[in-house]
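Novice: Mind looking over this structure? Questions follow.
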Amino acid sequence: MTDPKDTINIENVVASTGIGQELDLQSVAMDLEGADYDPEQFPGLVYRTQNPKSAALIFRSGKIVCTGAKSTDDVHESLRIVFDKLRELQIQVNEDPEIVVQNIVTSADLGRNLNLNAIAIGLGLENIEYEPEQFPGLVYRLDEPEVVALLFGSGKLVITGGKKPKDAEHAVDKIVSRLEDLGLLE
Amino acid sequence: RLRKWQERIRTKDAGERNLQFALSEIDRMASSLGIPRSVREVACVIYRRALDEDLIRGRSIEGVATSTLYAACRMEGIPRSLEEVAAVSRVERKEIGRTYRYVAQELSLEMEPVDPKQYTPRFCSELDLSEEVQAKATEIIDTTTEKGLLSGKSPTGYAAAAIYAASLLCNEKKTQREIAEVAQVTEVTIRNRYQEQIEAMGI
DNA sequence: GCTTTAAAAAGTAAACT
DNA sequence: AGTTTACTTTCCAAAGC
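The listed protein sequences correspond, in order, to chains R and Y. Start counting the first sequence at 1173; every next residue gets the next number (the numbering used here). Start counting the second sequence at 460; every next residue gets the next number (the numbering used here).
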């Protein structure tokens, strides 16, 4: 049987950073091609990179949030592109500002169908939220690692809230062993 | 000192008025949904617990009152869908669902998922279908659930499809449109669930 | 709390063909 | 009857209302 850990795929990485300098977003919006800036709606300027694909939110304080990257390497690469674009606008940006990964979203596959009703009752109604009238996934909050998993009837799952790729692996191991203990994975 | 005392009375009076409003709203919504008095009382008890635990702060009274009625119906085994309670509430469905989840979590209501079978007596009755159809629908729900078809599916859509299939099998056909109206789901959902169910039943 | 951004899972709804 | 698009849930940072 294939190890469910081998099916883990990173779908989105969110990271924050900053250039330690205040920005005039109005002029950045004018000079930066493809920038979306509507301060009435949201205080951040949106800048999208194509390769790798991501969306950067640039704030007046100089802080930046990058989302949509498929790996931690891609986040760094996307932000490198953003930093270079700012430098082209004569804005001072250090060689490599600190980048902090804030959230990683992964998908995985347990390889068997799940009886979500049995899991909701078996794992105990206290850490579980399963309301199929509102959403088809069962919400399972883990303490260690501190992540949230969404389990589906197909056996596919989504793990979010982790800060490092290993968190998802540990979460999958815990979920598998807990379901096995309860005889709900067979 | 006097001012503090007056303030306390004022807040107490306001709280009392808010509680009366919430309880009368629960009563009004329950009446228009034809929910028995015993269930309204359960809803009122949950509302008072939510008030004691200070869960109303930052939320609308009407939203908590509606969620509480939704929860009480489930606890008493005669669920109303969020669609149905939203129809008599001035709070939108999404808000009611969110508030219900919050209240259920905070009060440790430990609600089990709704069993689609709990909808069949009411839906069949509203559709003027016989006991035979109701029994057949129940059988379809049980059999297909054992085969793992229920996971992730909405209980109302699941029940609606089983009733549609049962009405065909018992020669008391109701159209998808008629059933969709009663169950508050779309015909597309009935078709999708129906196809899976009859296949699993080997029909 | 809300606003915006991204992404997956699977179900359902609305609007069409 | 079936398809397309859009929305539901989870996570997180940012600044400001």
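Every residue, glycine too, gets a C-beta built ideally from N, C-alpha and C.
Answer yes if the region 506-515 of chain Y comes into contact with the region 533-550 of chain Y, meaning at least three C-beta pairs across the two stretches below 8 angstroms, and no otherwise.
Specialist: The region 533-550 of chain Y is not in contact with the region 506-515 of chain Y.
Novice: Run through the region 1217-1241 of chain R for me and flag every whole beta strand (DSSP E) of 3 or more residues, listed as ranges in chain order.
Specialist: Taking only runs of at least 3 residues, the beta strand (DSSP E) segments lying wholly in the region 1217-1241 of chain R are 1217-1221, 1226-1230 and 1235-1241.
Novice: Checking 8 angstroms against the spacing of the C-beta atoms, do K1338 (chain R) and D1281 (chain R) come in under that value?
Specialist: Not closer than 8 angstroms, so no.
Novice: Does DSSP put D1246 (chain R) in a helix, a strand or coil?
Specialist: Three-state DSSP puts D1246 (chain R) in a helix.
Novice: Which whole-angstrom value is the C-beta distance of S610 (chain Y) and G1192 (chain R), which I expect to be below 8 angstroms?
Specialist: Actually they are not in contact, since the Cβ atoms of S610 (chain Y) and G1192 (chain R) sit about 50 angstroms apart, beyond 8 angstroms.
Novice: Which stretch, first to last residue, makes up the beta strand (DSSP E) that contains Y1312 (chain R)?
Specialist: Counting along the chain, the beta strand (DSSP E) containing Y1312 (chain R) begins and ends at L1310 to R1313.
Novice: Output, in sequence order along the chain, the residues in the region 1286-1307 of chain R whose CB is closer than 8 angstroms to any CB in chain Y.
Specialist: Here the close residues are L1286, N1287, L1288, N1289, A1292, I1293, L1297, E1298, E1301, Y1302, E1303, P1304, E1305 and Q1306.
Novice: Could you pull out every unbroken alpha helix (DSSP H) segment of at least 4 residues lying fully inside the region 621-649 of chain Y, listed in chain order?
Specialist: The qualifying runs are 635-642.
Novice: Would you mind working out which of Y:A596, Y:A659 and Y:R636 sits nearest A618 (chain Y), comparing C-alpha positions?
Specialist: It is Y:A596.
Novice: Could you name the residues of the region 546-562 of chain Y whose beta carbon sits closer than 7 angstroms to any beta carbon of chain R, in the order they occur along the chain?
Specialist: So the list reads G556 and R560, given in the order they occur along the chain.
Novice: With a cut-off of 8 angstroms, does the C-beta of G1283 (chain R) fall near any C-beta of chain Y?
Specialist: Answer no: the Cβ-Cβ gap between G1283 (chain R) and chain Y never drops below 8 angstroms.
Novice: Say whether the region 515-530 of chain Y touches the region 545-555 of chain Y, bearing in mind that this needs 3 or more beta-carbon pairs closer than 8 angstroms, one atom from each stretch.
Specialist: In short, these stretches touch, since the Cβ pair count reaches three.
Novice: Have a look at R636 (chain Y) and D1175 (chain R) and give me their C-alpha separation to the nearest angstrom.
Specialist: Each residue's alpha carbon lies about 46 angstroms from the other.
Novice: Do K1242 (chain R) and P1224 (chain R) have their C-beta atoms closer together than 8 angstroms?
Specialist: Closer than 8 angstroms, so yes.
Novice: Determine the burial state of K463 (chain Y): buried for a count of at least 16 other Cβ atoms within 10 Å of its Cβ, exposed for fewer.
Specialist: Exposed.
Novice: What in chain Y is Cβ-close to Q1325 (chain R), meaning under 9 angstroms?
Specialist: The sequence given here places Gly at residue 1325 (chain R); Gln does not occur at that position. Correct list: G607, L608, L609, S610, G611 and K612.
Novice: Output the distance between the C-alpha atoms of L627 (chain Y) and A620 (chain Y), rounded to the nearest integer angstrom.
Specialist: So the two alpha carbons sit approximately 11 angstroms from each other.
Novice: Sorted by chain position, which residues of the same chain lie with C-beta nearer than 8 angstroms to A659 (chain Y)'s C-beta, five sequence neighbours on each side aside?
Specialist: T602, T603, K606 and L608.
Novice: In or out: P495 (chain Y) buried (at least 16 other Cβ within 10 Å) or exposed?
Specialist: Burial call: exposed.
Novice: Check the C-beta distance from Q643 (chain Y) over to E542 (chain Y) and give it rounded, since I have them as a contact under 8 angstroms.
Specialist: About 4 angstroms separates the two Cβ atoms, so the contact holds.
Novice: CA-CA distance, A1290 (chain R) and D574 (chain Y)?
Specialist: Distance between the alpha carbons of A1290 (chain R) and D574 (chain Y) is about 12 angstroms.
Novice: When DSSP labels each residue in this structure, what does I1291 (chain R) get in the three-state scheme?
Specialist: It is helical.
Novice: For D601 (chain Y), report the span of its alpha helix (DSSP H) as first-last.
Specialist: Counting along the chain, the alpha helix (DSSP H) containing D601 (chain Y) begins and ends at E590 to E605.
Novice: Would a check of beta-carbon distances place E569 (chain Y) closer than 8 angstroms to chain R?
Specialist: Judged by the 8 angstroms Cβ criterion, E569 (chain Y) is in contact with chain R.
Novice: Closer than 8 angstroms by beta-carbon distance: list the chain R residues that pair up with L541 (chain Y), in chain order.
Specialist: By Cβ distance, chain R contributes E1305 and Q1306.
Novice: Would you kindly report the start and end of the unbroken beta strand (DSSP E) that includes G1334 (chain R)?
Specialist: Segment K1328 to G1334, the beta strand (DSSP E) holding G1334 (chain R).
Novice: For D1210 (chain R), does the three-state DSSP call read helix, strand or coil?
Specialist: Note: D1210 (chain R) maps to coil in three-state DSSP.
Novice: Between the beta-carbon of I1236 (chain R) and the beta-carbon of G1206 (chain R), is there less than 8 angstroms?
Specialist: Going by C-beta atoms, I1236 (chain R) is not nearer than 8 angstroms to G1206 (chain R).
Novice: Determine the direct distance from the alpha carbon of R460 (chain Y) to that of G1296 (chain R), and round the result to whole angstroms.
Specialist: For G1296 (chain R) and R460 (chain Y), the distance between alpha carbons rounds to 50 angstroms.
Novice: For chain R, check one thing: does any of its Cβ atoms lie closer than 8 angstroms to the Cβ of V573 (chain Y)?
Specialist: Yes, its Cβ sits closer than 8 angstroms to a Cβ of chain R.
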